[in-house]
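J.: Take this structure, written in structure tokens, and hold onto it; I'll ask about it next.
Residue numbers (my numbering): 459 to 598.
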């Protein structure tokens, strides 16, 4: 008995869902992405996404995807996974937090000492003005 188009679409959806679940588990490690020095426009076939895609039942059954061929699907999936990990790595928190120095609370002794010092300086300025303003007295 032949399958209807709706049943075949459901099968394709299930296969795609299982593939995406499988890709989630075997996604790139952050070490692999951080140390990737190749060109993102030209995929290499020794990456783990090629292995994961080749295990997927969606790609084992020819004729399910008529838009792209198998190699193009692998390239698209690899590019998508690289872009997704880049996006996720940018959204992570920094490893080292900034340390803000808290303002020091001044003790009452320190405050009183500064007030006393300011009072002494003020009195010294007054005495200096009096001394400078005094006229010399000559006695005979």
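From the three backbone atoms N, C-alpha and C, an ideal C-beta is built for every residue, glycine too.
Where does residue 543 fall in DSSP's three states?
T.: Here residue 543 refers to the residue found at position 85 of the chain shown. Residue state, collapsed to three classes: helix.
J.: In whole angstroms, give me the CA-to-CA distance for residue 547 and residue 540.
T.: Taking the chain shown and counting its residues from 1, one reaches residue 547 at position 89. Taking the chain shown and counting its residues from 1, one reaches residue 540 at position 82. Rounded to the nearest angstrom, the two C-alpha atoms are 11 Å apart.
J.: May I ask you to report which of helix, strand or coil DSSP gives residue 587?
T.: Here residue 587 refers to the residue found at position 129 when the chain shown is read from its first residue. It is helical.
J.: Please report the straight-line C-alpha distance between residue 555 and residue 549, rounded to a whole angstrom.
T.: Residue numbering aside, residue 555 sits at position 97 when the chain shown is read from its first letter. Residue numbering aside, residue 549 sits at position 91 when the chain shown is read from its first letter. Whole-angstrom Cα-Cα distance: 15 Å.
J.: If you draw a straight line from the C-alpha of residue 581 to the C-alpha of residue 561, how long is it?
T.: Translated into positions along the chain shown, residue 581 becomes position 123. Translated into positions along the chain shown, residue 561 becomes position 103. Going by the C-alpha atoms only, they are around 32 Å apart.
J.: Should residue 532 go down as buried or exposed, given a rule of 16 or more other Cβ atoms within 10 Å for buried?
T.: Sequence index remark: in the chain shown, residue 532 carries index 74 (1-based). The residue is buried, with at least 16 neighbouring Cβ atoms inside 10 Å.
J.: When you compare only the Cα positions, how much space is there between residue 594 and residue 559?
T.: Start at 1 with the first residue of the chain shown, and residue 594 comes out as number 136. Start at 1 with the first residue of the chain shown, and residue 559 comes out as number 101. Going by the C-alpha atoms only, they are around 56 Å apart.
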